[in-house]
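Everything on this sheet refers to the single structure shown next.
Residue numbers (my numbering): -3 to 82.
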């Protein structure tokens, strides 16, 4: 079992290991638009647990995101706890 924790307000969402995090992040209040990794609306900062996410994909790399930035619509959680801020 994996978990996303919002650094904005402390809310938490549980999900299955290997799941995409977009639905859980949306429940926590992360704004979304295209859901395809193009617009950047769902940009999050990973405050803790980056090692629990899969590597950045080509869309995230092409956007030039900094080390702790990710697109919530593109991430999968491997396991464990990831704390985000948006």
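Glycine included, C-beta positions come from ideal geometry on N, C-alpha and C.
Report, in whole angstroms, the separation of the C-beta atoms of residue i and residue j, which I expect to be a contact under 8 Å.
i          : j          : result
residue 40 : residue 77 : Contact flag wrong, Cβ pair sits at about 14 Å.
residue 52 : residue 31 : Incorrect: roughly 17 Å between the Cβ atoms, too far for contact.
residue 71 : residue 17 : 5 Å
residue 26 : residue 68 : 5 Å
residue 3  : residue 43 : 5 Å
residue 73 : residue 19 : Their Cβ separation, rounded to whole angstroms, is 12 Å, which puts residue 73 and residue 19 out of contact at 8 Å.
Between which two residues does the beta strand (DSSP E) carrying residue i extend?
i          : result
residue -1 : -2 to 2
residue 61 : Where residue 61 is concerned, there is no enclosing beta strand (DSSP E), given that its DSSP letter is neither H nor E.
residue 65 : 65 to 67
residue 10 : 8 to 11
Check residue i in the structure and name its three-state DSSP category.
i          : result
residue 74 : coil
Checklist entry - What alpha helix (DSSP H) runs, 4 residues minimum, are completely inside the stretch 20 to 58? => result Complete alpha helix (DSSP H) runs here, min 4: 54 to 58.
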